[in-house]
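For the sequence shown, the residue numbers in mature numbering (1 follows the signal peptide of the UniProt record, and there is no 0) are -26 to -1, 1 to 157.
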Amino acid sequence: MNQSRKRKSVRILSIAPLAASALLLAGCSGGTSEADSGSGKSGASPTSQADKGIAYAKCMRENGVKNFPDPENGQIKITPGSGLDMKSPEFQKAQEACKKLSPQGDAGAGGKIDSAKAAAWAECIRKNGIPDFPDPEIKGGAMEIDLAAAGIKPQGDKFQKAMSACQSKRPQGGMMIKGGAPQ
């Protein structure tokens, strides 16, 4: 594979564990309730993380990102080739309008991820078949992990199994996955 493919980012927003084995990879910044979204619509704030994810996707579409995906199996996936440009002014504007609806969990609402919990989670991933899994870099309410540098395939069975096995140790908050080895 060429180097440019290795460097492509895969971004996935965490909605929340819908089941103990749910894979949670997250990224993107925080969100706004529909009432505050700038869409002019009012309504009750979503109470569950799953409801937040659905409301967030709807808000993003209402604010100009027409092909923003609905959550699937507890996740919103934005991958290369999805047609979404996360750096576009339209995406950034919608993201800002919807930030209170962000499905990033408690830390995504401005809290800070506990670095000890993040390290324990990373160690669990390593013990469950991904020995080169890097320690996450904590950036406020999100973790950043460079899988490309470690040669890890995020869609691979071993990675998926390790993520499921360690789900209970994963800190709340967003997660940005950088790269990933070619499939």
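The beta carbon of each residue, even a glycine, is placed where N, CA and C say it ideally should be.
Since this is a predicted model, take the numbers as computed values, not measurements.
Hey, how far is the Cα of residue i from the Cα of residue j?
{"i": "alanine 90", "j": "aspartate 109", "result": "10 angstroms"}
{"i": "asparagine 102", "j": "isoleucine 28", "result": "31 angstroms"}
{"i": "isoleucine 99", "j": "alanine 136", "result": "5 angstroms"}
{"i": "isoleucine 151", "j": "lysine 32", "result": "24 angstroms"}
{"i": "proline 45", "j": "alanine 24", "result": "8 angstroms"}
{"i": "glutamate 118", "j": "methionine 34", "result": "23 angstroms"}
{"i": "lysine 86", "j": "serine 138", "result": "23 angstroms"}
{"i": "aspartate 88", "j": "arginine 144", "result": "10 angstroms"}
{"i": "proline 43", "j": "alanine 124", "result": "29 angstroms"}
{"i": "glutamine 134", "j": "alanine 122", "result": "16 angstroms"}
{"i": "serine 142", "j": "methionine 149", "result": "15 angstroms"}
{"i": "lysine 127", "j": "valine 39", "result": "28 angstroms"}
{"i": "glycine 57", "j": "tyrosine 30", "result": "18 angstroms"}
{"i": "lysine 61", "j": "lysine 51", "result": "16 angstroms"}
{"i": "aspartate 120", "j": "cysteine 140", "result": "18 angstroms"}
Using three-state DSSP, classify residue i as helix, strand or coil.
{"i": "lysine 74", "result": "coil"}
{"i": "leucine -3", "result": "Because leucine -3 carries a pLDDT of 34, less than 50, the predicted location of this residue cannot be relied on, and the following value inherits that uncertainty. In the structure shown, leucine -3 sits in coil (DSSP, three-state: anything other than H, G, I, E or B)."}
{"i": "isoleucine 126", "result": "coil"}
{"i": "isoleucine 104", "result": "coil"}
{"i": "lysine 51", "result": "strand"}
What residue does the beta strand (DSSP E) around residue i start on, and which one ends it?
{"i": "glutamate 111", "result": "111 to 113"}
{"i": "lysine 152", "result": "148 to 152"}
{"i": "isoleucine 119", "result": "116 to 120"}
Name the residue from the options whose alpha carbon lies nearest to the alpha carbon of residue i.
{"i": "alanine 116", "options": "Lys132, Ser76, Ile126 and Ala31", "result": "Ser76"}
{"i": "residue 158", "options": "Lys74, Gly147 and Ser56", "result": "Any property of residue 158 remains undetermined from this structure, which presents the chain solely from -26 to 157."}
{"i": "aspartate 59", "options": "Lys143, Lys86 and Asn41", "result": "Asn41"}
{"i": "glycine 130", "options": "Ala123, Ile104, Asp120 and Val39", "result": "Ile104"}
{"i": "phenylalanine 107", "options": "Lys132, Ile87, Lys86 and Asp88", "result": "Lys132"}
{"i": "lysine 26", "options": "Lys73, Ala139 and Lys86", "result": "Lys73"}
{"i": "glutamate 70", "options": "Ser56, Lys51, Ile50 and Asn37", "result": "Asn37"}
Could you give the residue range of the alpha helix (DSSP H) that holds residue i?
{"i": "isoleucine 99", "result": "89 to 101"}
{"i": "aspartate 131", "result": "131 to 139"}
Comparing the CB of residue i with every heavy atom of the ligand FAD, is any distance shorter than 7 angstroms?
{"i": "proline 128", "result": "Only the bare structure without any ligand can be found here, which leaves the ligand FAD out of the picture."}
Exercise. Touch check for the segment 57 to 67 and the segment 91 to 99: three-plus C-beta pairs under 8 angstroms?
Worked result: no
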